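What follows is one structure encoded as structure tokens, with my remarks underneath.
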Amino acid sequence: MAVVVGKIQTLKKLKDSLEKKGIQRFNSVSDINSFLENYEHEKRNIPKNEKEKLSNQIQALEESIKLAKKKSELNLLYKIYYGIKFRWFSYRKASLENNFEKILSKRCKKSTQELAYIRETIEELYTLISGAIGENAVVNELKKLPDSFYVINDFSLTFNPPIYNKKENDKIFSIQIDHLLICRSGVFAIETKNWSSQSIQNLDLRSPVDQIKRTGYALFVKMNSESNLGLADHHWGNKKVPVRNILAMTNEMPKEEFKYVKILSLNDLNGYIEYFEPIFSASEVENIFQHLNGIN
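Okay, so the sequence shown: first residue is 934 according to the numbering used here, each after it adds one.
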């Protein structure tokens, strides 16, 4: 299995967005999917669950009353201290029992509102969730590669001074790559999009092809200007580190092909990566990975 380091960017953003809205019940995309699938079932079970919790609370108070009564009989100090507790527990238990239906109704209403709020929040964050689903699927696919492959999720670099792309008249101050894969055939910069056909046709959305081309160019310049990558000497001269650009589409795909970027479905991703002949040794791959992971 491929070595994978780093967290998926959209998952981090999604978790931060949920926590800012006070939602902490999800640890993964699958948790969110499970919540959406079971929403109606969970909603229907609110009265039953709240009734069970309220009954358990009353039972726990009953046990506390018995314990306080028993302790209050040990000595005078305990009689005073646990006598107060006995009266408080008894009052609390009687209050819950006498207002059982009213309290139950109030708690059911609150739980229903909280559940609806969570679903509304998830719907608002659909774009982030969709992106996280796509990136998670790509990572799971890349994990199937042998352990001589290395993946860095959410790879980012800043450049000072910026890298200048003369052809595009573009100064590149920073880059971010969803998944950076390092293997014996070189480096692959992988951008993931979980787009629908409508998104592909949307003229207002930034071109992911331009995005990954720009990123790949800056990474190529950066890597091939450094002398500390740990590459073995070759009698012909300094070896180049190739950077190949991949746009991984986990939903719909465009029919067109584009220069300098290979657009692949999830099923074709690993086959394309493994197609290229190895040019580096295992130790060189390890050195490149350690270098890139260190500067990330």
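Glycine included, every Cβ here is placed at the ideal spot set by N, Cα and C. Keep in mind it's a predicted model, so treat the numbers as computed, not measured.
Among the options, which residue has its Cα nearest to the Cα of residue i?
i, options, result
"T1045", "Y1014, H974, A1001, L1202", "H974"
"G1016", "K1003, K1026, A1027", "K1003"
"E1207", "L1078, P980, I1096", "L1078"
"N1023", "L1000, K1042, E1006", "The amino acid at residue 1023 is misidentified as Asn; the sequence shows Ser. It is L1000."
"E952", "K1100, L1058, E1074", "L1058"
"I1110", "P1187, L1090, L1136", "L1090"
"K1188", "T1054, N1229, I1133", "I1133"
"L1076", "N1203, Q1223, K948, S1216", "Residue identity differs from the one stated: residue 1076 is Lys in this sequence, not Leu. Closest option to K1076, Cα to Cα, is N1203."
"S988", "E1006, L1009, N1031", "N1031"
"I941", "E1217, F1092, N1073", "N1073"
"K1192", "D1166, E1217, G1149", "G1149"
"F1092", "L1048, S1158, F1033, N1135", "S1158"
"E1242", "I965, N971, L1009, S1130", "With the chain covering 934 to 1229 only, the question about residue 1242 has no answer from this structure."
"K976", "A1049, F1033, L947", "A1049"
"I1228", "K948, K1155, G1170", "K1155"
"L947", "L1136, N1069, R1139", "N1069"
"H1167", "L1136, R1139, W1021, E1217", "E1217"
"S1129", "M1186, R1139, D1201, N978", "M1186"
Who are the Cβ neighbours of residue i in its own chain at under 8 Å, not counting the five residues just before and after it?
i, result
"K945", "D1087"
"K1026", "I991, L994, E995, I998"
"Y1205", "I1179, K1195, L1197"
"T1054", "L951, K954, I956"
"F1019", "I998, A1001, K1002, S1005"
"K1043", "none"
Could you please give the first and the last residue of the uninterrupted beta strand (DSSP E) stretch that includes residue i?
i, result
"H1112", "1103-1116"
"Y1097", "1083-1098"
"T1125", "1119-1126"
"N982", "Not the beta strand (DSSP E): N982 falls in the alpha helix (DSSP H), residues 979-1005."
"N1178", "1176-1182"
"V937", "936-938"
Note the first and the last residue of the continuous alpha helix (DSSP H) segment covering residue i.
i, result
"E1047", "1033-1057"
"N1226", "1215-1228"
"L1199", "1199-1208"
"L969", "962-970"
"K1144", "The amino acid at residue 1144 is misidentified as Lys; the sequence shows Gln. From DSSP, the alpha helix (DSSP H) with Q1144 extends over 1141-1156."
Is the separation between the beta-carbon of residue i and that of residue j shorter than 9 Å?
i, j, result
"N1098", "R1147", "yes"
"I1115", "F1082", "yes"
"L1029", "T943", "no"
"H1112", "V1174", "no"
"I1085", "L1225", "yes"
So, at 7 Å on beta carbons, what are the nonlocal neighbours of residue i in its own chain, with the 5 sequence-adjacent residues on each side left out?
i, result
"V1194", "V1142, I1145, K1146, N1178, L1180"
"D1080", "M934, A935, V936"
"P980", "C1041"
Among the residues of its own chain, which have a CB less than 6 Å from the CB of residue i, if the five just before and after it don't count?
i, result
"Y1151", "Note on residue identity: the sequence assigns Ala, not Tyr, to residue 1151. I1096, I1105, I1108."
"I1221", "I1115, L1162"
"F1153", "V1176"
"K1232", "The requested residue 1232 does not occur in the structure, where the chain is confined to residues 934 to 1229."
Quick one: is the Cβ of residue i within less than 8 Å of any heavy atom of the ligand GDP?
i, result
"S1118", "You won't find the ligand GDP in this model; it holds no ligand whatsoever."
* Asked: Any contact of the stretch 1117-1132 with the stretch 1206-1221, i.e. 3+ C-beta pairs under 8 Å?
  -> yes
* Asked: Three or more C-beta pairs closer than 8 Å, one from the stretch 976-988 and one from the stretch 1029-1040: is that the case here?
  -> yes
* Kindly confirm or deny that the stretch 1181-1188 and the stretch 1121-1141 touch, where touching means at least three C-beta pairs closer than 8 Å. => yes
* To do: Could you tell me whether the stretch 961-973 touches the stretch 1057-1067, where touching means 3 or more Cβ pairs closer than 8 Å?
  => yes
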